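K.L.:
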Amino acid sequence: MEASSRKRQLGRSKSGSRSCSSSRSTRPLNAYRLHFSCEHIGKYRSQTKRKIKWRFGFTNLQAAEEGKRGIECRGEEHEVVLIWSVKSGKTRLFWNKTNITHLFPGQRHTEQVHIQWKSRSGETFEIVATEAPTRVDPYQYNFLVDGVSIFTLSHLSELDPSQIVHENSMRNSSDNKSSSSNVSAEVRSEPINDTRSDGGGPMECCDTMQGSLLDAGFRLSMAGLAPSSQFAPLCEPVDDLMDDLLPSTPFNNVLESLRQRITSIIPDSNDMVSRAIVKALSDDIYELSSCSSSLGSSSFDSLHQSAMQISAEAVWETSEWINHNVHYAPRPDVLEQKREFFQRQMESMFIHAHHERLSEDAATRILSDVATLLGMDLCTPVPRDTILLSDLDKATDKESLLVSLVVYGEIQEVGMPPSGQRFAICRFSSERGPLRALSAAEHGLLLINGRRPQVRLLERPLVTIRPTMVQRAYTAPHASTLPIAKPSLGRRKSHQRNTIHIDTLISETPFLRLVNDPAVISPGEDDYFLQSNPFGKLDPLHEPPASIPVENSNCAVAASTLAPFPGSGPSPFTMKY
């Protein structure tokens, strides 16, 4: 009996607890939803920074009791904005355009944001946002009011007065508070855990602003009205996370200023600069080895390098890369290889500038020098005021370089790579200094520590690639400059090459004459010439002497004899058949 009675009591307690919990969960909420939006606002990669906005409101109970519905029941409305940097985990939370991030110090959210606070009027607000959608929660960016998702609330246009009045009566009966139906906006707006520190830390970032103007703008925003122009600047946050959203300071960043300089000097470099900026912002200061090339591009082992040392190292790496990939072993895709190498150098210089190891002017000059050595097109060519010295003595230092080179002109800077590659660069104040140094090196007068180094001017190299064949335009030559046309003999077959026909001989060699006389003119008869016409008839100028008999009289007919023009001397040739 006792056991059965205990079971009955447990069952009653369980049923009572269930009914109580179910009544709490099914109790309608005196709130409605208005708007939700999520924007990707990253400067370089839009997904890395997100701006999430929720707008909701509490129903006007007096209008609901009068039987009004929909937009006529519009009451107190609020706006919650979350700025979340997924990469760094930083967040900024704004309640009605007022920054309340200082109420949640020391929180970083990389994959998920979970923020919860409670107002003095009793409402509990909670933000649950994830970097990517999950199967557990159907809402990736969820905002809860008293544990109820804003996405499950009724819209303003769907408000039903019957549910609103029932909810109001339940709240009045359970809380026994006459003021719950008329909660002021100022009380609901302030979280209950509003603690302030005595020091001037981040907790006082909102209180140090001008009190009267801030309170006035705050009350206007709490009432659902947009603050006026004199209050708007005070409501806007000013910090590292939001500086890129302010239109008044679009280019207050070192990297942005460097972007403008590089893109104005090197054409078609916007994509390369964007990648370099992303690399500089995403990499840690101690994880910079990935920017190095196969030759050890701009090592960051020493973080105390001067600008000239970084410049000397970058120029040396570029010269070595050109020797290995362009001069000695040229590749068919050398242009693409140059862009890849220049991309790595650009990333290295942007990282140096981001960590304030290089100024904007120094980074721009280094990248211009590297692009000049690679033969890239520049809108503004670099000044010819820098010489490159290689094959130096191992004991050469900066002081010995200054002593040896100062005689050729005023020196602006001298730099050597920190790893000791027997290489140095010297930048003069004018373009006359490098010319004097080059002239002295050609005559063997430039000595550094008793050694003659190799000296060359930092300028764009000559084109060594074979130019493309372009058809030239010829003008019509004058008639007097035309060459005399020569007779062209037709090609014959192999068995006809040594055969000469009489008709061919006559037509192709007009300087020979055909003689039908079987007698051969003796070499001693210089005063007698025969003049023949092209038809084979002889017209003797003088009466010829007795002809010399033809040898080999067995031939029935003597062959034709070739005789030269008159006045050309005796003919030594005789043809026989």
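Residue numbers (my numbering): 1 to 577.
All C-beta atoms in this analysis are idealised placements derived from N, C-alpha and C, irrespective of residue type, glycine included.
These figures come from a predicted structure and were not determined experimentally.
#1: Counting Cβ pairs, one atom from each stretch, are 3 or more of them under 8 Å apart for the stretch 331-350 and the stretch 385-396?
#2: Tell me whether F104 sits in a helix, a strand or coil according to DSSP, three-state version.
#3: Tell me which same chain residues have a C-beta within less than 8 Å of the C-beta of V278, skipping the five on either side of it?
#4: List the residues that DSSP assigns as beta-bridge partners of Y141.
#5: For a quick check, are the C-beta atoms of S319 and L388 less than 8 Å apart?
#6: With respect to the beta strand (DSSP E) encompassing S390, which residues constitute its N-terminal and C-terminal limits?
#7: Run through DSSP, which three-state label would Y32 get?
#8: Should the stretch 354-370 be regarded as contacting the stretch 308-317, the criterion being three or more beta carbon pairs within less than 8 Å?
#9: Out of R55, K87, W117 and S88, which one is the CA nearest neighbour of K97?
#10: T91 to E126, Cα distance in whole Å?
#11: Taking all protein chains shown into account, decide if C73 is buried (16 or more other Cβ within 10 angstroms of its Cβ) or exposed.
#12: Hey, how far is the Cα of L156 from the Cα of D137?
#13: Going by C-alpha distance, which of E77, A440 and G122 is nearest L405?
#14: Is the beta carbon of T48 sitting closer than 8 Å to the one on G42?
#15: Which partner residues of H352 appear in the DSSP bridge assignment?
#16: Measuring straight from C-alpha to C-alpha, what distance separates A129 and Q412?
#17: Taking DSSP as the reference, what is the three-state secondary structure of L281?
#18: Can you list, in chain order, the residues of its chain whose CB lies under 8 Å from that of H35, leaving out five sequence neighbours each side?
#19: Return helix, strand or coil for G415, following the three-state DSSP convention.
#20: Name, in chain order, the residues that DSSP records as bridge partners for K118.
#21: Following the continuous beta strand (DSSP E) through R427, name the residue where it begins and the one where it ends.
#22: Go ahead and pull the three-state DSSP assignment for F231.
#23: From which residue to which residue does the alpha helix (DSSP H) around T110 run?
#24: What are the boundary residues of the beta strand (DSSP E) that E431 is part of?
#25: Give me the Cα-Cα distance between P381 and H78, rounded to the nearest whole angstrom.
#26: With distances taken Cα to Cα, identify the nearest neighbour of A424 among S348, L438 and V455.
#27: Give me the Cα-Cα distance between D385 and L401, rounded to the nearest whole angstrom.
#28: Can the beta-carbon of T59 be found less than 8 Å from the beta-carbon of G75?
#29: By alpha-carbon positions, which one of R427, V326, D397 and A353 ends up nearest to S419?
#30: Using only CA atoms, which one of Q107, E336 and A31 lies nearest to T375?
#31: Using the Cα positions of A276 and D160, report the straight-line distance between them to the nearest angstrom.
#32: With a cut-off of 8 Å on the beta carbons, I'd call D369 and V315 a contact; round off their distance for me.
#33: Mind checking which residues open and close the beta strand (DSSP E) that includes Q454?
#34: Between which two residues does the alpha helix (DSSP H) holding S85 run?
#35: Using a threshold of 8 Å, state whether the C-beta atoms of V81 and F94 are closer than that.
#36: DSSP beta-bridge partners for K49?
P.N.:
Result, derived from the coordinates:
#1: no
#2: DSSP, reduced to helix, strand and coil, places F104 outside both helices and strands of the structure shown, so it counts as coil.
#3: Result list for V278: Y44 and R45, in chain order.
#4: According to DSSP, which records beta bridges pairwise, Y141 is partnered with A129.
#5: yes
#6: T386 to S390
#7: strand
#8: yes
#9: R55
#10: 15 Å
#11: buried
#12: 25 Å
#13: A440
#14: In this structure, T48 places its C-beta atom within 8 Å of the C-beta atom of G42.
#15: Answer is none; H352 lacks a bridge partner.
#16: 56 Å
#17: helix
#18: Only K53, W54 and R55 meet the Cβ criterion.
#19: strand
#20: Residue pairing by DSSP places K118 opposite T124 in a beta bridge.
#21: F423 to F428
#22: Caution applies to F231, whose pLDDT of 39 falls short of 50 and renders its modelled position unreliable; the value that the coordinates give is listed next. Of the three classes helix, strand and coil, the one that applies to F231 here is coil, per DSSP.
#23: T110 -> no alpha helix (DSSP H), and no H or E assigned at all.
#24: First-last for E431: undefined, no H or E at that position.
#25: The alpha-carbon of P381 is positioned some 57 Å away from that of H78.
#26: V455
#27: 16 Å
#28: A Cβ-Cβ contact shorter than 8 Å links T59 with G75.
#29: The shortest Cα separation from S419 among R427, V326, D397 and A353 belongs to D397.
#30: A small correction: the amino acid at residue 375 is Gly; Thr does not occupy that position in the sequence shown. Cα-wise, what sits closest to G375 is E336.
#31: 56 Å
#32: 6 Å
#33: Note, Q454: beta strand (DSSP E), Q454 to L457.
#34: Unbroken run through S85 is the beta strand (DSSP E), E76 to S85; no alpha helix (DSSP H).
#35: The criterion of a C-beta distance shorter than 8 Å is satisfied by V81 and F94.
#36: BP columns for K49 point to S85.
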